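Residue numbers (my numbering): -17 to 324.
Have a look at this one:
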């Protein structure tokens, strides 16, 4: 499931709605249910967009029920359900019937129920409810919504697999060697909550902030020594949390750093920059990439508490504004803790 930026556009034409999906999600979905929420009765527009793998027939009602939580939290007045791919049988209505039934019980209408084999130029589409409601898609790259997305800086990728691959470890990195160095340095650290440990944590935060500042002003090369130092710094959760309360002008460079470290730091330490990257993506509306980053963090460290919390944020469709409040508060608390010893 993923949440994109809130769209100021109200799409009502089925073909235009389907063609907008890759830009709403950030990638072209395959074999998926895409649930588009519609919000604001006075000035209708698209709210969050959710994607899920197509379920087994016996699980259609279960999936529909699971989707209800984020849809209700998003204050949707209606949804449009689009089945992409599947068994190439648009007459199989079990999933869209489950969606309409479950959502109707909660007072949420289903505006459109649509099927398309894939999303691309001239792909045939049809409605489940009206056999005469059918046609072929325009080129998704040439629509008004595509132009709006490009202007907003939204990158649309070919597939979800492309998103996942974008966080893979960089080629040529000796991950095992880096893991050894990180462990060696971490073992020499002082016991937590001692004055010496707090001073050391402040020094680690200074290294992170200095790196972000350098990335803002120059083309900084992250060599092996710096990557290891940054990974060790973010292992200290007070340092990691303090990075949630950076000055606004540092945010773009910080996101670049979190992405780079996710690709360069071994497991389990890569969970820390992956979580920070997920937060940055979510706050600017890229729910799809945030979802992938959270998965990356949970794979690197299955018991990671922040990653689990962010997974709940995504599932419950917490607003970016609310997440910003939560993370900034956590960052300020961490900075107060780091100011405890001089």
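In this text, a Cβ means the ideal position worked out from N, Cα and C, and glycines have one as well. Because the structure is a prediction, the values reported are computed rather than measured.
Give the secondary structure of residue i by DSSP, where H, G and I count as helix, E and B as strand, and everything else as coil.
i, result
"residue 0", "helix"
"residue -6", "coil"
"residue 202", "coil"
"residue 117", "strand"
"residue 106", "strand"
"residue 47", "helix"
"residue 272", "helix"
"residue 223", "helix"
"residue 183", "helix"
"residue 244", "helix"
"residue 58", "coil"
"residue 210", "helix"
Out of curiosity, what's the CA-to-CA distance linking residue i and residue j?
i, j, result
"residue 13", "residue 149", "22 Å"
"residue 279", "residue 120", "37 Å"
"residue 30", "residue 163", "42 Å"
"residue 126", "residue 137", "15 Å"
"residue -14", "residue 168", "Confidence in residue -14 is poor, its pLDDT being 48 and thus under 50, which makes the residue's placement unreliable; the coordinate value appears in the next sentence. Between residue -14 and residue 168, the C-alpha separation is close to 38 Å."
"residue 246", "residue 209", "7 Å"
"residue 328", "residue 188", "This structure cannot settle anything about residue 328, because the visible part of the chain is limited to -17 through 324."
"residue 215", "residue 222", "8 Å"
"residue 6", "residue 178", "48 Å"
"residue 309", "residue 97", "39 Å"
"residue 228", "residue 252", "20 Å"
"residue 273", "residue 293", "8 Å"
"residue 104", "residue -2", "12 Å"
Report, in whole angstroms, the separation of the C-beta atoms of residue i and residue j, which I expect to be a contact under 8 Å.
i, j, result
"residue 186", "residue 231", "With a Cβ gap of about 22 Å, residue 186 and residue 231 do not count as contacting."
"residue 297", "residue 52", "6 Å"
"residue 92", "residue 58", "With a Cβ gap of about 11 Å, residue 92 and residue 58 do not count as contacting."
"residue 259", "residue 139", "Contact flag wrong, Cβ pair sits at about 16 Å."
"residue 63", "residue 17", "6 Å"
Whole alpha helix (DSSP H) elements within the stretch 249 to 320, 4-residue minimum: As far as the stretch 249 to 320 is concerned, its whole alpha helix (DSSP H) runs of at least 4 residues are 253 to 265, 269 to 282, 287 to 297, 302 to 320.
Does the stretch 143 to 159 come close enough to the stretch 194 to 205 to have 3 or more Cβ pairs within less than 8 Å? With the cut-off at 8 Å, the stretch 143 to 159 and the stretch 194 to 205 do not touch.
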